[in-house]
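For reference, the structure is listed below as structure tokens.
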Amino acid sequence: MLIKLAWRNIWRNPLRTLILLGVMIFGLMSVIAMMGLMNSFYSNMINNAIKWQTSHLKIHDSRYPDDPDIHFTVSHLSQLKAELDQQSLVHAWSGRHLVNGMIASARSVRGVTINGIDPLTKVTPLKARITEGEWLNDLGRNPILVSQKTSERLNLRVGSKVVLTFNDDKGALTGGAFRVKGLFKTPSSTMDDNHVYVRKGDLSKLSGIKGVHEVAILLNNPEEAPRFVNTLAQSFAPDIREQWLIRDWQTLNPVLKTMADSAEVFNRVFLLIFVVAMMFGIVNIVLMSVFERTREFGVLMAVGMSKRHIRFLIMLESGLMGVGGTTLGLIGGILLVSYFQSTGMDLSQFGDGLNGLGIDSVLYPSVSFQEYAMAFIAVSLATLLSGLYPAHQILKYNPVDAMSEKH
Amino acid sequence: MSIQTIQLCKTYNANSDFPVHAVDHLDLTIQQGEFVAVMGPSGSGKTTLLNMLGGIDTPTSGDAIVDGYNVSKMTEKGKIAFRRDNIGFIFQDYSLLPVLTALENVEFVMQLQGHSEAECRARALALLKKVGLDKHQNKRPAMLSGGQQQRVAVARALAPRPKFVMADEPTANLDANSTAELLDIMQQLNEQEGTTFIFSTHDQRVITRAQRIIVFEDGRLTKDRQNPDYKRHTMSAS
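The listed protein sequences correspond, in order, to chains A and B. With this note's numbering applied, the first sequence corresponds to residues 10 to 416, in that order. With this note's numbering applied, the second sequence corresponds to residues 1445 to 1682, in that order.
Written out as structure tokens, the structure reads:
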């Protein structure tokens, strides 16, 4: 009977109930969409940083990070290659020959990191980001890939000639002429600004250094990265591993780790703000609804309805509205997120700003089951609790005083 | 099973310069099964007396002993259970729950008592039949006339089989026909179910039908007499 009574009481003033439900549905949909956007924002930033900068793991000579000297290549490379090839956790790996130098065209000069790579490895998705021209291959003499941005600054086109200059193994200035094989565009403007790609062999020939300066590794499961650092290190004798610095992406870029954690915190704070704001709204509406019926509650008390039952009735009314609003809001939120998951959220009008942060212009919001559950439980609980204060207020009355109220 | 008040007082604004003695040192006894009208002008303390006897108002001093329970000394929780199981209320403005049908309104208190659904339904239907509203059982109060609503309120008051019914000016909003019908019903139920009825009223039509008439003025009992014109319903019907 109490459920029936609560349900009918809710619909005594349909407009008020519909307004409250509308606020809850719209609010919850907005919160879920925002949570999804923030998740995609952070995960996209982290994924792009892993894809383009840190990989899941990197191995350097132990001295290289502090002093990126051209001579500090990764030692015992053949043993390392053999080990990486037999590790089932490893998805792909690549040895890179890195040199800091200058790129010059007829128009301008810029400082860049020259990446000598093996065109066949697939650690970075650069090949998929070629916008003009072709990916590196064995054909041609000294091909080079430059970013679209660099090409604009140096006035380059596919086929244009550039000169790379840098210090060789003897410290002498050396260089070579390269021909632009392709243009690329990554989600990171920093990456586009500062990196050019050539074949490892071509660069090695000019620098006079054999070997690589870093080994970038992609794993099948990114969660395994911290554990794999130890696994890999334990596979080698101490005198070998002491010459290396093996770091996972979180160690290479601690800001990413902080961001991953802060996304979760941000979503919780956002949800909390919404829940508190919504609680005020619901308390207000339930208060209005309860005080309109003060006399009726007086009659209920008079005929023998216990305070416990009256409190339960009021909480049931707010709870029913809450669960209804939350369910509909959640369904709306899921549909909204699903829609943007399929179409993507095009933020290209903020493209420059996003690219500066290493984020794609089109984001695909995602909300985990745990986050949906958290939103549902938090909002439902909040609405249920919203009935407590109005119930407390009405239960201060004794039956006679309640019945003597005019409304 | 009677009602007894001993020096019962209710004073409003007791600590002010102008205290109002709604009920002033009242000694009264009402026997089980009586059909009593408490009359007097507005503000004479009729409603306050009924409220105190029914346990919805607290006396300033004195005792109200109802069916052996000293209502004045009961805890709030005790009063709620006492009211639910012993007292039926009929209010001037009917005070039915607007979102429930006539049948649901009558069932409601029985459900609070914990009776089974079938039991509640059977009793509520029987009472609605007695008050002549069995055909209107599924109508909400807003769809019933004032007289019909008051009859539902009578059925509601009697549904939990209370020993006492406190009716506060039950006919104040009713026309002559509705008043006569309602009084017939209440008197019939008083005789059939043995329920004690206490009315507050200044409606002459009600007073003439009462078995006993108690007159109040300024919170004091000024007259208490049996009504020589009282006729049992069965006799009046014949």
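Heads up, the beta-carbon is just placed ideally off N, CA and C, and yes, glycines get one too.
Below-9 Å beta-carbon distance, residue i vs any chain B residue
i: G333 of chain A; result: no
i: R21 of chain A; result: yes
i: K13 of chain A; result: yes
i: H401 of chain A; result: no
i: L29 of chain A; result: no
i: V295 of chain A; result: no
i: R25 of chain A; result: no
i: V278 of chain A; result: no
i: V409 of chain A; result: yes
i: M10 of chain A; result: yes
i: M43 of chain A; result: no
i: M412 of chain A; result: yes
i: R17 of chain A; result: yes
Below-9 Å beta-carbon distance, residue i vs any chain A residue
i: N1495 of chain B; result: yes
i: G1498 of chain B; result: yes
i: A1620 of chain B; result: no
i: I1531 of chain B; result: yes
i: A1546 of chain B; result: no
i: R1664 of chain B; result: no
i: R1527 of chain B; result: yes
i: I1450 of chain B; result: no
i: I1447 of chain B; result: no
i: S1539 of chain B; result: yes
i: V1543 of chain B; result: yes
i: S1680 of chain B; result: For S1680 of chain B, the predicted structure reports a pLDDT of 44, less than 50, and the residue's modelled location is therefore unreliable. The matter cannot be settled from this model.
i: P1604 of chain B; result: yes
i: D1511 of chain B; result: no
i: E1502 of chain B; result: At residue 1502 of chain B the sequence reads Thr, which differs from the Glu that was named. Closer than 9 Å: yes.
i: E1613 of chain B; result: no
Extent of the continuous beta strand (DSSP E) run through residue i
i: S87 of chain A; result: Where S87 of chain A is concerned, there is no enclosing beta strand (DSSP E), although the alpha helix (DSSP H) it sits in stretches over 86-95.
i: H100 of chain A; result: 99-113
i: Q1670 of chain B; result: 1664-1670
i: W253 of chain A; result: 253-257
i: F1533 of chain B; result: 1531-1534
i: F175 of chain A; result: 170-176
i: F193 of chain A; result: 182-193
i: L281 of chain A; result: Run containing L281 of chain A: none in the beta strand (DSSP E); it sits in the alpha helix (DSSP H), 263-300.
i: R1656 of chain B; result: 1656-1661
i: N124 of chain A; result: 118-126
i: D1610 of chain B; result: Residue identity differs from the one stated: residue 1610 of chain B is Met in this sequence, not Asp. Its beta strand (DSSP E) spans residues 1608-1612.
i: L404 of chain A; result: Element bounds for L404 of chain A: n/a, residue is neither H nor E.
i: D1501 of chain B; result: Careful: D1501 of chain B lies outside any beta strand (DSSP E) and carries neither H nor E.
Exposed unless 16 or more other CB atoms sit within 10 angstroms - verdict on residue i
i: S1682 of chain B; result: In this prediction, S1682 of chain B scores a pLDDT of 34, lower than 50, which makes its location untrustworthy; the coordinate-derived value is nonetheless stated afterwards. Exposed.
i: F1608 of chain B; result: buried
i: S1680 of chain B; result: Unreliable positioning characterises S1680 of chain B in this predicted model, as indicated by a pLDDT of 44, which lies under 50. A coordinate reading is not provided.
i: H401 of chain A; result: exposed
i: R1595 of chain B; result: buried
i: I1462 of chain B; result: Here residue 1462 of chain B is Phe; the residue named in the question, Ile, does not match the sequence. Answer is exposed; the Cβ neighbour count stays below 16.
i: Q259 of chain A; result: buried
i: F378 of chain A; result: exposed
i: W253 of chain A; result: buried
i: V238 of chain A; result: buried
i: Y206 of chain A; result: buried
i: Q1631 of chain B; result: buried
i: F1641 of chain B; result: buried
i: Q1593 of chain B; result: buried
Delimiting residues of the alpha helix (DSSP H) encompassing residue i
i: Y51 of chain A; result: 23-58
i: E1548 of chain B; result: 1546-1557
i: S244 of chain A; result: Unbroken run through S244 of chain A: none, as it is neither H nor E.
i: N1634 of chain B; result: 1620-1637
i: F378 of chain A; result: 378-395
i: S1505 of chain B; result: From DSSP, S1505 of chain B is part of no alpha helix (DSSP H) but of the beta strand (DSSP E) over 1505-1510.
i: S156 of chain A; result: Careful: S156 of chain A lies outside any alpha helix (DSSP H), inside the beta strand (DSSP E) at 152-156.
i: K1454 of chain B; result: From DSSP, K1454 of chain B is part of no alpha helix (DSSP H) but of the beta strand (DSSP E) over 1447-1456.
i: R1567 of chain B; result: 1561-1574
CB-CB length for residue i against residue j, believed under 8 Å
i: K190 of chain A; j: E143 of chain A; result: 6 Å
i: Q1655 of chain B; j: E1478 of chain B; result: 6 Å
i: V99 of chain A; j: I226 of chain A; result: 6 Å
- In the stretch 1453-1464 of chain B, which residues sit with their C-beta less than 7 Å from some C-beta in chain A, listed in chain order? none
- Output, in sequence order along the chain, the residues in the stretch 300-315 of chain A whose CB is closer than 9 Å to any CB in chain B. Within the stretch 300-315 of chain A, the qualifying residues are R304, E305, G307, V308, L309, M310, A311, V312, G313, M314, S315.
- Task: For the stretch 1548-1579 of chain B, enumerate the residues whose C-beta is nearer than 7 Å to any C-beta of chain A, in chain order.
- Result: The stretch 1548-1579 of chain B vs chain A, Cβ under 7 Å: F1552, V1553, Q1555, L1556.
- Return the residues of the stretch 1643-1660 of chain B that lie within a Cβ-Cβ distance of less than 9 Å from chain A, sorted by chain order. none
- Message: Short of 7 Å Cβ to Cβ, which residues in the stretch 326-358 of chain A face chain B?
- Response: Flagged: no residues at all.
- Chain-ordered residues of the stretch 45-60 of chain A with a beta carbon less than 7 Å from chain B: None of the residues of the stretch 45-60 of chain A has a beta carbon lying less than 7 Å from any beta carbon of chain B.
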